[in-house]
Each structure stands twice: as C-alpha cells, then as structure tokens.
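Residue numbers (the working numbering), protein chains in the order written: chain A, 47 to 161; chain B, 41 to 151.
In structure tokens form, the structure reads like this:
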C-alpha cells in the first residue's frame, strides 16, 4: 500500500510554544489529507479535512486559530499547534487519500507532550 | 449523524479464528474499512468493502457485510500472536470524505 510519513514522531514542548507536525504522502499525490487526534485507549477523532491549495474544513469544536493546517502541495500537509497547553497533549495522526481512490492511508502518528 | 460501534475486547488462542464485529447506523454508508493499530503506531489499512458487496476475502482475512442489519465483521483465520492489536472499523458515506471510526476492538492472542 501507499506510504504516509509524519515528522516528528515524538515532540515535547513547553506550554505557550508552538509545534509544527508534517504529514507527507511518499508515493502518491494526496489531494485530500485529514488530521485526527487520538486520546489514550480511545478512538480517532477527526479534527479537520484539508484539500491542496484551499482552506481546511474544521470539525465542530476544533479551534481553527489554535490548530493551523496548511496543505500547500499534493504531498505535504502541516498541522501547527499554536500556544500549546498541557491539554493539547495527545497522539496526532494524519491520513491521505488520492483523488478518485477509496483507500485512505494513515501516517505513523506524532506523540505531542506539552509540559 | 454516523455512529459506529464495536465490542472492546476479544481474546483468542493462537491458531483459532477471530471474529471482530462492528455495527453502523448510517444507511448511506458506501465504504466500510478495517484498520489495525499496534501500540504507539498509526493505522494500517487491512481491507475495505463496498456496500453493494456481501463478502470480501484477502488471504487470512474475510469481511462479511449484512446490509440489512448494518453489521460488518472481520474474520482472521489461523490467528497469530502478531495479530494482537486494536482493530478499528470505519465507514464513509457518499457525502463525506473523512472516515467515522468505531471505538476499536483490542484483540489479544494467547499462545
């Protein structure tokens, strides 16, 4: 199957700082990318959907000014957690889908810890 | 809205078959997916089925879909210890591009 990478895999930051997470599709062009958040022992919660070259669509309850999403190319989307707080600590997972295809592939996730 | 439900835990012995069940509510679901997640890792796409199909088989994996009851199952034949993981079922309807996930079923395979 297709490969989606995320960087970094783990990050620890201080409260009040910003953190950027990258999601890349390595061997296909991802017209749509998704960002999910997963709390321990829980399912995945969709945060936002992004299409290349346009603004992301955020799910209800997700602050777009706090979780900045950029999808500047067909192989790269970034999630920036601004002014991070300890409650933002979580496992963030991206996924990507090629236009016209049904498979949705996931990255390995990024563990964010805010101290 | 969409709702996807799964049982939380399943324990089987190595070599036995595992059956993981999932129910969904959205009648317009068109694609149903099974993903595997190992500890600290992302999700691995195992298989998916289109809603006009009843069954799909891929090596040790068999997916059965009962559209009337909105019930989906994943059968793993000859379960191995390496199959121990959390299995998520997810659905996507024609109006959405994102997936809606169930809570995940933790499969424990005992040697």
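All residues carry an ideal CB built from backbone N, CA and C; glycine is no exception.
Which residues in chain B sit within 7 Å of residue i, going by Cβ to Cβ distance?
{"i": "residue 113 of chain A", "result": "Correct list: empty, because the minimum Cβ distance to chain B is about 15 Å."}
{"i": "residue 155 of chain A", "result": "81, 82"}
{"i": "residue 80 of chain A", "result": "138"}
Return the Cβ separation of residue i and residue j in integer angstroms, given the expectation that the two are a contact with Cβ distance under 8 Å.
{"i": "residue 128 of chain B", "j": "residue 89 of chain A", "result": "7 Å"}
{"i": "residue 115 of chain A", "j": "residue 102 of chain A", "result": "4 Å"}
{"i": "residue 137 of chain B", "j": "residue 95 of chain A", "result": "6 Å"}
{"i": "residue 55 of chain B", "j": "residue 119 of chain B", "result": "7 Å"}
Which residues in chain B sit within 8 Å of residue i, going by Cβ to Cβ distance?
{"i": "residue 145 of chain A", "result": "Result: empty, since nearest Cβ-Cβ is about 10 Å, beyond 8 Å."}
{"i": "residue 149 of chain A", "result": "85, 88"}
{"i": "residue 139 of chain A", "result": "82, 83"}
{"i": "residue 74 of chain A", "result": "Here the premise fails: no neighbours, minimum Cβ distance about 13 Å."}
{"i": "residue 152 of chain A", "result": "75, 82, 83, 84, 85"}
Go ahead and pull the three-state DSSP assignment for residue i.
{"i": "residue 133 of chain B", "result": "strand"}
{"i": "residue 98 of chain B", "result": "strand"}
{"i": "residue 98 of chain A", "result": "coil"}
{"i": "residue 78 of chain A", "result": "strand"}
{"i": "residue 109 of chain A", "result": "coil"}
{"i": "residue 133 of chain A", "result": "helix"}
{"i": "residue 145 of chain B", "result": "strand"}
{"i": "residue 65 of chain B", "result": "coil"}
Just mark residue i as buried or exposed, buried being the case when its beta carbon has 16 or more other beta carbons within 10 Å.
{"i": "residue 58 of chain A", "result": "exposed"}
{"i": "residue 85 of chain A", "result": "exposed"}
{"i": "residue 125 of chain B", "result": "buried"}
{"i": "residue 121 of chain B", "result": "exposed"}
{"i": "residue 141 of chain B", "result": "buried"}
{"i": "residue 146 of chain A", "result": "exposed"}
Counting only Cβ pairs nearer than 7 Å, list the residues of chain A close to residue i.
{"i": "residue 142 of chain B", "result": "89"}
Just to make sure I have the definition right: I need the residues of chain A whose C-beta is within less than 9 Å of the C-beta of residue i. Which are they?
{"i": "residue 49 of chain B", "result": "Per Cβ cutoff of 9 Å: no residues; residue 49 of chain B is ~11 Å from chain A at best."}
Contact criterion: CB-CB distance below 8 Å. Does residue i meet it with respect to chain E?
{"i": "residue 64 of chain B", "result": "Checking the listed chains, one finds no chain E in this structure; the protein chains it contains are A and B."}
Check the Cβ of residue i against every Cβ in chain B and list those closer than 9 Å, keeping chain order.
{"i": "residue 95 of chain A", "result": "136, 137, 138"}
{"i": "residue 92 of chain A", "result": "138, 139, 140, 141"}
Using a Cβ cut-off of 8 Å, pull out every chain A residue sitting near residue i, in sequence order please.
{"i": "residue 71 of chain B", "result": "148"}
Legend entry - Inter-stretch contact at 8 Å, needing at least 3 Cβ pairs: the stretch 96-106 of chain B / the stretch 71-81 of chain A: no
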